[in-house]
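Right, one structure below, let's go through it.
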Amino acid sequence: MEVTGKGKRGRKAGENAAPSSVQVLDRSLALLAIVAENDDSTLTSLSERTGMAPSTVHRLLTSLASHGMVMSDSDTGVWTVGLKAFEIGNAFLRFRKLGTISRPFLKQLMEASGETANIGIEEGGDVVFISQVESHAPMRAFFRPGRRGPVHASGIGKAILSTWSDKEIGQLMSGRTLTRFTEKTRDTLPGLLRDIQEIRLRGWSIDDEEHTLGMRCVAAPIFNEYGETIAGISISGPSVRVTDEKLATLGPMVRETADALTRAMGGRRPEEL
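For the record, in the sequence shown the residue sitting at position 36 is 36 according to full-length UniProt numbering, with numbers rising by one throughout.
If you want it as structure tokens, here you go:
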């Protein structure tokens, strides 16, 4: 049941209250969209386009500017998209490109290995799955796009970490708990670094039931034109199929696919620079 009261002149009590955080967010995003679409976004023009008071527009712009989403030219008073918004837009294009270009490579890898093939990125100490081509086998791995996983207990995560320095890995893990999912999880930094060293020598990583008992993952990193790691590609399947004997074939297969996708993206491995 909705209960309302009346203030001055019969208005509802909440009518003059400060807008909710959701309303502020909606207004800010609408304002950002207008700034992005126009080259002459002055305070006055933005107020006219949005129907908001100049003081409200200025307050929202100031908040957006503090996050790098917009910036203003002190001489002309024109507001434009900020560096942070540009970076976010570039990230979308980059990962959209990755998802599109990787599809035939994922399909080829799935067909050759018989296991589910995945693409994922590292973000904030997690692995985020971007795309997947499922195996045809009745028992198979499945990772919904957008799903996050722990970087220390993931084939893709460890493949990406293997291209970082030990110092960078230590900084990422500083203050974090390396959750122990199974008896095989690398749940200490020294243990994780020992595993990372083996991955560097081998060229591909193994998640050997470290997150889920009965499931294995083999992965390798993907690089951009600067030799920087942007993602990882993997195959995942039950350990009864991804056996120790098959790893000798699957590991190089995944590594070769990662290198082919790197080239297709216009990237190069660091040693090729």
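The C-beta atom is built at its ideal place from N, Cα and C for all residues, glycine as well.
Item: How about threonine 42 and glycine 77: do their beta carbons lie closer than 7 Å?; Value: yes
Item: Give me, in chain order, the residues of the same chain whose beta-carbon lies closer than 6 Å to that of alanine 219; leave out the 5 immediate sequence neighbours on both sides.; Value: Gly155, Ile156, Ala159, Ser205, Gly232, Ser234
Item: Just how far apart, CA to CA, sit lysine 12 and leucine 61?; Value: Only weak support is given to the placement of lysine 12: the predicted model assigns it a pLDDT of 41, under 50, and the question is left unresolved by the model.
Item: For leucine 172 and aspartate 207, what's the separation of their Cα atoms in angstroms?; Value: 19 Å
Item: In whole angstroms, give me the CA-to-CA distance for glycine 5 and glutamine 23.; Value: Because glycine 5 carries a pLDDT of 42, less than 50, the predicted location of this residue cannot be relied on, and the following value inherits that uncertainty. Going by the C-alpha atoms only, they are around 22 Å apart.
Item: Do residue 275 and leucine 192 have their C-beta atoms within less than 7 Å of each other?; Value: Only positions 1 to 273 of the chain appear in the structure, and residue 275 is not among them; the question remains open.
Item: Run through DSSP, which three-state label would serine 55 get?; Value: helix
Item: State the DSSP-derived secondary structure class of phenylalanine 105, mapped to helix, strand or coil.; Value: helix
Item: I'd like the list of long-range same chain contacts for threonine 50, defined as Cβ closer than 8 Å, with 5 residues on each side in sequence excluded.; Value: Arg27, Ala30, Leu31, Ile34, Val57
Item: Helix, strand or coil, according to DSSP, for valine 254 in the structure here?; Value: helix
Item: Decide if serine 131 is buried, meaning its Cβ has at least 16 other Cβ atoms within 10 Å, or exposed.; Value: buried
Item: Measure the Cβ-Cβ separation of glycine 242 and arginine 216 and say whether it is below 7 Å.; Value: What sits at residue 242 in the sequence shown is valine, not glycine. Cβ distance < 7 Å, so valine 242 and arginine 216 count as in contact.
Item: Starting from proline 190, follow the alpha helix (DSSP H) in both directions and report where the run begins and ends.; Value: 189 to 202
Item: In whole angstroms, what separates the C-alpha of aspartate 187 from that of aspartate 195?; Value: 11 Å
Item: How would you call proline 145, buried or exposed, if buried means at least 16 neighbouring beta carbons within 10 angstroms?; Value: exposed
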